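K.L.:
My numbering puts the first residue of the sequence shown at 8, with every later residue one more than the last.
From the three backbone atoms N, C-alpha and C, an ideal C-beta is built for every residue, glycine too.
This one's a predicted model, so the numbers in the text were calculated from it and none came from an experiment.
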Amino acid sequence: MITFEVIEANGAIREVQANEGESLLQATLNAGIDGFAAECGGCCVCATCHCYIDEGDLQKLDAPASDESQMLDFTATERLATSRLACQIKMSPALQGIKVHLPERQY
Ligand code: FES
C-alpha cells in the first residue's frame, strides 16, 4: 500500500491509502473524500479532478503528458506550476507520502 495525504480546501488533512497502479483520483474517491467531480470518469477530458501537488513532492512525479497539460488549461481554479489532474497520476512507491491539495472548486 502507498500512503499519501490529501489536504482538503478547508484545511482538513486526510491520510489515504492506494494500491500500486491505482490512480490518485480513484484512491481519493475510495477514501470517501469529496473535492473531485471527475465528470469524465478519468478519461482526461474534463479537468474536474484538478489538484495541486505539494511543491516539495513535485519532482517525484513524471511531467504531465501533452493531453493532461492541455486539459489543465480548463481548470476551474487557477492553473499553477503544481497543478495536475488526479486521474492521470498512477500511484507508485515513489509517491509514498506525497501531499496533495484540493482546490476550492472544480466548476
Ligand atoms: S476525471 Fe476527467 S480529466 Fe480527470
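Please say whether S90 and L102 have beta carbons closer to each other than 7 Å?
P.N.:
No; because the gap between Cβ atoms is not below 7 Å, this pair is not in contact.
K.L.:
Is the region 10-20 close to the region 31-44, with three or more CB pairs under 8 Å?
P.N.:
Contact holds: three or more Cβ-Cβ distances are below 8 Å.
K.L.:
Taking just the CA atoms, how far does P100 sit from Y114?
P.N.:
Approximately 31 Å, taken between the alpha carbons.
K.L.:
Give the straight-line distance between the Cα atoms of C58 and A34, rounded to the nearest whole angstrom.
P.N.:
For C58 and A34, the distance between alpha carbons rounds to 14 Å.
K.L.:
Just to check, is the beta-carbon of C51 closer than 6 Å to a non-hydrogen atom of the ligand FES?
P.N.:
True, at least one ligand heavy atom lies under 6 Å from that Cβ.
K.L.:
Tell me, please, which residues DSSP counts as bridged to S90.
P.N.:
DSSP lists Y59 as partners of S90.
K.L.:
Please return the same chain residues whose Cβ sits closer than 6 Å to the Cβ of C56, not counting the five positions on each side in sequence.
P.N.:
Only L32, F43, A45, L92, A93, C94 meet the Cβ criterion.
K.L.:
According to DSSP, simplified to helix, strand and coil, what is A101?
P.N.:
It is helical.
K.L.:
For P71, which option in C51, I20, A83 has the closest C-alpha, if you only look at C-alpha atoms?
P.N.:
Closest by alpha carbon: C51.
K.L.:
Whole angstroms is fine: what's the gap from E27's alpha carbon to F81's?
P.N.:
Each residue's alpha carbon lies about 28 Å from the other.
K.L.:
Using a 10 Å radius around the Cβ and a threshold of 16 neighbouring Cβ atoms, would you call A54 buried or exposed?
P.N.:
Buried, because 16 or more other Cβ atoms sit within 10 Å of the Cβ of A54.
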